[in-house]
Structures are given as C-alpha cells and as structure tokens.
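Chemist: The structure is given below, and queries will be raised subsequently.
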Amino acid sequence: AQCEQPSAAHQQQTFDSSLEKPQFPGASAEFVDQLDFIQPNVISGIPVYRVMDRLGKIINPSQDPQLSKETVLNFYQKMTLLNTMDRILYESQRQGRISFYMTNYGEEGTHIGSAAALEPSDLVFGQYREAGVLMYRGFPLDLFMAQCYANADDLGKGRQMPVHYGCKDLNFVTISSPLATQIPQAVGAAYAIKRENMNRAVICYFGEGAASEGDAHAGFNFSATLECPLIFFCRNNGYAISTPTNEQYRGDGIAARGPGYGMLSIRVDGNDVFAVYNATKEARRRAVAENQPFLIEAMTYRIGHHSTSDDSSAYRSVDEVNYWDKQDHPISRLRHYMTARDWWSEDDERSWRKQSRKTVMEAFEKAEKRLKPNVELLFTDVYNEMTPSLNKQREALWKHVQQYKEHYPLDLYEK
Ligand SMILES: Cc1ncc(C[n+]2csc(CCOP(=O)(O)OP(=O)(O)O)c2C)c(N)n1
Numbered sequence: 001a002q003c004e005q006p007s008a009a010h011q012q013q014t015f016d017s018s019l020e021k022p023q024f025p026g027a028s029a030e031f032v033d034q035l036d037f038i039q040p041n042v043i044s045g046i047p048v049y050r051v052m053d054r055l056g057k058i059i060n061p062s063q064d065p066q067l068s069k070e071t072v073l074n075f076y077q078k079m080t081l082l083n084t085m086d087r088i089l090y091e092s093q094r095q096g097r098i099s100f101y102m103t104n105y106g107e108e109g110t111h112i113g114s115a116a117a118l119e120p121s122d123l124v125f126g127q128y129r130e131a132g133v134l135m136y137r138g139f140p141l142d143l144f145m146a147q148c149y150a151n152a153d154d155l156g157k158g159r160q161m162p163v164h165y166g167c168k169d170l171n172f173v174t175i176s177s178p179l180a181t182q183i184p185q186a187v188g189a190a191y192a193i194k195r196e197n198m199n200r201a202v203i204c205y206f207g208e209g210a211a212s213e214g215d216a217h218a219g220f221n222f223s224a225t226l227e228c229p230l231i232f233f234c235r236n237n238g239y240a241i242s243t244p245t246n247e248q249y250r251g252d253g254i255a256a257r258g259p260g261y262g263m264l265s266i267r268v269d270g271n272d273v274f275a276v277y278n279a280t281k282e283a284r285r286r287a288v289a290e291n292q293p294f295l296i297e298a299m300t301y302r303i304g305h306h307s308t309s310d311d312s313s314a315y316r317s318v319d320e321v322n323y324w325d326k327q328d329h330p331i332s333r334l335r336h337y338m339t340a341r342d343w344w345s346e347d348d349e350r351s352w353r354k355q356s357r358k359t360v361m362e363a364f365e366k367a368e369k370r371l372k373p374n375v376e377l378l379f380t381d382v383y384n385e386m387t388p389s390l391n392k393q394r395e396a397l398w399k400h401v402q403q404y405k406e407h408y409p410l411d412l413y414e415k
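Note that full-length UniProt numbering numbers the sequence shown so that position 119 is 119, with each residue one more than the last.
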C-alpha cells in the first residue's frame, strides 16, 4: 500500500506547478518556463584589480600594502637581478654555451609579488617561467647557473634541460615541462597537506595555454571538491608560444572558469607587484584558514621570445612588444613608486646595475669552468639496485665511449 500512487484527479486538485522546486541532486535553482540559453558572457568583463597606476602612484590608499622600504627595495633588486640573469643566460645560449633557455621578461611582478606573499614552508609547483619565485626564496645564482650548465653542482645532477630547476630545501618542486602535469600533482600535494593539518598552502603556477590541457580541468575540479588549501596562479601573458589568447579560449580568460568549478577567483594586474602581493596574501590566508582553493589570473605580457627555440617576430609586431617593454613594465612601475618616495636615485640604479651584473657574471664564469657530473650518475637514483637492463646499457655506454674516445672529453667530467 505504501507504493500506491495518488490518483491523477487527486494530484490535479492539490498541485500548483509554480511552487514546484527542482529536486535534482546536481543543481539548486528555480524552474523557468521560457526557453533561454545562457549567454557565454554571463561572466564577462571580470575587472582587473590593481593598486598602482602605470606611473607607480597608489590609486586607493586603503589598498597600499605599506611595505617597508627594505622590503620594496628587495622586491626591486630581485626583479632586476632576474632580468640581468636572463640577459646573460639568453646570450650564453646564443653563443652556444648552453643548450636552451627561457627568459622571464615582463613577468617579474607576478613572480616576486606572489613569492613574497607566501610562507617559506608553502609548497611551490611551477611550470617553467617562474625563476623569480625560486630566486625570491633564496636559490643562489650559482645554483641557477649550475642547473643551466648541467655541471657537477647542479642539484639535478645534470640530467635535465636548462631551466628545469628544483630545490627540496626551498619547497620548490622540480619543473617538468610537459604542460599542466604540475596541476593535478599540486592538488594531490594540497590534499595531503590538508589531511595532515599542516598549516601550509600549495601554489601552482601555469600559463593560460596550459589551462587548456585536460589536466587543468581535472586539477581544478578535484581541488574544489576535495577542498584543498591551494592557490592556482595563472600567468596570462598573452601567448602560448605562437598561439595568442584569442585563439586559445572563447570565454573571459581563465578567471571566468573559477565560478564554474565553485572556486573563489580574482583577476589582477600582473605588472603591479603590489596587486599580485595583496591578492596572493589574502588567497593564501583564506586557503589555509578555510581549506579551499583560490584562482588568481595575473594579466601580464611575455616580452621575450617563448624560448631560445622561438622567434616571436613571426607572429607578433615589434610595436606590440615595445608597448609592454617601454610603457607598462612591472620593473619601471615599481621604480616610479620608489623614486617618488626618494628611496632610489639614478646613482643607486647605476651602482646596483653594475654590481648585479658583476655578481651574475661571476656565477656564470664559475659555472662554466666547473666539471660536468660523473657519467655514472646517468644510471643511479631510479632503482635502489641496478637492474640487469641498466647494467647492460651502462656497459654499452662505456664500450662506445672507449671506441670513440676522441669525441668524449672525459676530463671535463667528474670521476
Ligand atoms: C603536453 C605538452 N604539449 C605541448 C608542449 C609544447 N609547449 C611548450 S610550452 C607551450 C606553450 C605554453 O604556453 P603557456 O601555458 O601560456 O605558458 P607560457 O609559455 O606563455 O609562459 C607549448 C605548447 C608541451 N611542453 N607539453
């Protein structure tokens, strides 16, 4: 009798369809009786949060992070040191001294502003264009150079392409450049951190191009449903190699995707180091306090070529690049701010440029002279004991090297 349905006549009398609420488990909303497709621009024109204008003037004093002179000078010195390191390593690749390089030109504000807002214990997953984050955390020039030169001081033992940095002590997970692989990995790490109640956050950097990978979707959705203390930091620099943003996506950038995943999201001016700092600091605080992911889309511009394997003049104009280089650069914006406070003079600039170039050149010359890692290290660290097939490869390698001695300058390698 419990399963008996009320008669149709009975339903007719008591039923008012306008009061009916949807009961589907997957959506909470009202019924409508008009056929309307939702416009894709329902979330559109997401504003760009900024603190400083292009001339370094604070727009709304309530948003000024009021960092000390010492902190601001450190920001500036890290941003310009990164710039100098990029110049020297880029040239070094052009001269055939290293095999590959990727510059960070134009994105210095996103690196330093976000890195400064984190705790040293927070775990960083990068894509490959975040050298400034690692530099801010204290990775020395010698180790940047050692990695790019794959010499015996490289923490990765010379096994990776240049710019694939990693440092366990600084909580910076080693770069792997297949796009977006870091995104689900970061979510897994954040979930583990949450389960252990560690009071840490994870930050995961990626480009707007990498956000088109399936792994990005998987990561966003898992982080929201598993409620992970994680900051997704998208560097929207306008291009994924030669693909401009207008071919990369149809919605309003990456920030517009946040609400779709149930994530708190913000778009910031990535060339304003203070805006990046404020947004990351607040996202970090709330991610840890409330166990939920945040999405930051930092709008910026990739001034350099994608990498040393790219020539960007094939797909964008010199005028476009010049605009960002000369009119809207994160370094000049911060310099305007410092100059207006009398914190930085022309003389300071000259002597800092000279000194930082000297430090970078010294690290560069040291790395170039250093021996390469012991060749035997090619076979270690994957298995605890050498497998028969690895032993075979090792023997084959040495046989080959003996046979073609003249092509293998073994005196350049550690014994
Ligand atoms: C899975 C995968 N596909 C393609 C590539 C080749 N690739 C390297 S970088 C890149 C563009 C990435 O652009 P974006 O994520 O916007 O970062 P950006 O280089 O602009 O900083 C591509 C397609 C790759 N590394 N991995």
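The C-beta atom is built at its ideal place from N, Cα and C for all residues, glycine as well.
#1: Do Arg302 and Gly106 count as a contact pair if the criterion is CB distance below 9 Å?
#2: Only counting runs of 4 or more residues, tell me where the alpha helix (DSSP H) segments fall wholly within the stretch 309-366, in order along the chain.
#3: Could you tell me whether any non-hydrogen atom of ligand 1 is closer than 8 Å to the CB of Glu362?
#4: Specify the secondary structure class of Ile58 as computed by DSSP and reduced to three states.
#5: Buried or exposed: which applies to Gln160, given that a residue is buried once 16 or more other Cβ atoms fall within 10 Å of its Cβ?
#6: Below 7 Å CB to CB, which residues in the same chain sit around Pro293 once its five sequence neighbours on both sides are set aside?
#7: Less than 8 Å separating the Cβ of Ile266 from some heavy atom of ligand 1?
#8: Using 8 Å as the cut-off, classify the Cβ of Asn151 as near or not near the heavy atoms of ligand 1, replying yes or no.
#9: Taking the beta strand (DSSP E) that Ala396 belongs to, which residues open and close that run?
#10: Tell me the residue span of the alpha helix (DSSP H) that contains Leu378.
#11: Are at least three pairs of beta-carbons, each pair with one atom in the stretch 117-136 and one in the stretch 321-336, less than 8 Å apart?
#12: At what residues does the alpha helix (DSSP H) containing Asp142 begin and finish?
#13: With a 10 Å radius around its C-beta and 16 neighbouring C-beta atoms as the bar for buried, classify Asp16 as buried or exposed.
#14: Hey, would you say the C-beta of Arg137 is under 8 Å away from at least one heavy atom of ligand 1?
#15: Please state whether DSSP places Ala1 in a helix, a strand or coil.
#16: Compare the Cα-Cα distances from Tyr149 to each of Val187, Ser176, Tyr101 and Gln39 and report the closest residue.
#17: Mark Arg50 as exposed unless 16 or more other C-beta atoms lie within 10 angstroms of its C-beta, in which case mark it buried.
#18: Is there contact here, the stretch 312-322 with the stretch 28-46, by at least three beta-carbon pairs under 8 Å?
#19: Evaluate Tyr404 with the Cβ neighbour count: other Cβ atoms within 10 Å of its Cβ, from every protein chain shown; 16 or more gives buried, anything less gives exposed.
#20: Whole angstroms is fine: what's the gap from Ser351's alpha carbon to Leu123's?
#21: Which class does Pro244 belong to by DSSP, given the choice of helix, strand or coil?
#22: For Ala298, report the span of its beta strand (DSSP E) as first-last.
Modeler: Let me spell this out:
#1: As a position in the sequence shown, residue 106 is number 106, starting the count at 1. As a position in the sequence shown, residue 302 is number 302, starting the count at 1. Taking 9 Å as the cut-off, the beta carbon of Gly106 is found closer than this to the beta carbon of Arg302.
#2: Runs of the alpha helix (DSSP H) lying entirely within the stretch 309-366, each at least 4 residues long, are 318-326 and 330-340 in chain order.
#3: Start at 1 with the first residue of the sequence shown, and residue 362 comes out as number 362. No, the Cβ of Glu362 stays beyond 8 Å of every heavy atom of ligand 1.
#4: Position 58 of the sequence shown, counted from the start, is the residue given in the question as residue 58. Ile58: strand per DSSP, three-state reduction.
#5: Counting from 1 along the sequence shown, the entry for residue 160 is found at position 160. Here Gln160 is buried. Its C-beta has 16 or more other C-beta atoms within 10 Å.
#6: Indexing the sequence shown from 1 puts residue 293 at position 293. The beta carbon of Pro293 sits closer than 7 Å to those of Ser223, Ala224, Cys228, Leu230, Phe232, Met263 and Ala287, all from its chain and outside the five residues before and after it, given in chain order.
#7: The residue given as residue 266 occupies position 266 in the sequence shown. Outside the cutoff, so no.
#8: Mapped onto the sequence shown, residue 151 falls at position 151. No - ligand 1 has no heavy atom lying nearer than 8 Å to the Cβ of Asn151.
#9: Position 396 of the sequence shown holds residue 396. Here Ala396 belongs to no beta strand (DSSP E); instead the alpha helix (DSSP H) covers Pro388 to Gln403.
#10: The residue labelled residue 378 in the question sits at position 378 within the sequence shown. Neither: Leu378 is in no alpha helix (DSSP H) and is coded neither H nor E.
#11: no
#12: Against the sequence shown, residue 142 aligns to sequence position 142. Here the alpha helix (DSSP H) through Asp142 covers Leu141 to Tyr149.
#13: Position 16 of the sequence shown holds residue 16. Exposed: under 16 other Cβ atoms inside 10 Å.
#14: Position 137 of the sequence shown holds residue 137. Answer for Arg137: no, Cβ out of range of ligand 1.
#15: Taking the first residue of the sequence shown as 1, we reach residue 1 at position 1. The predicted position of Ala1 is uncertain, since its pLDDT is 45 and thus under 50; no value can be drawn from it.
#16: Here residue 149 corresponds to residue number 149 of the sequence shown, with the count starting at 1. The candidate whose alpha carbon is nearest that of Tyr149 is Tyr101.
#17: As a working mapping, residue 50 is identified with position 50 in the sequence shown. When all chains shown are included, Arg50 counts as buried.
#18: no
#19: Taking the sequence shown and counting its residues from 1, the one referred to as residue 404 is at position 404. Per the 10 Å Cβ criterion, exposed.
#20: Counting from one through the sequence shown, the residue named residue 351 turns up at place 351. Counting from one through the sequence shown, the residue named residue 123 turns up at place 123. Straight-line Cα distance between these residues: approximately 35 Å.
#21: Working through the sequence shown from its first residue, we reach residue 244 at position 244. Assigned with DSSP and collapsed to three states, Pro244 falls in strand.
#22: Along the sequence shown, read from residue 1 onward, the residue named residue 298 stands at position 298. Unbroken beta strand (DSSP E) run through Ala298: Phe294 to Met299.
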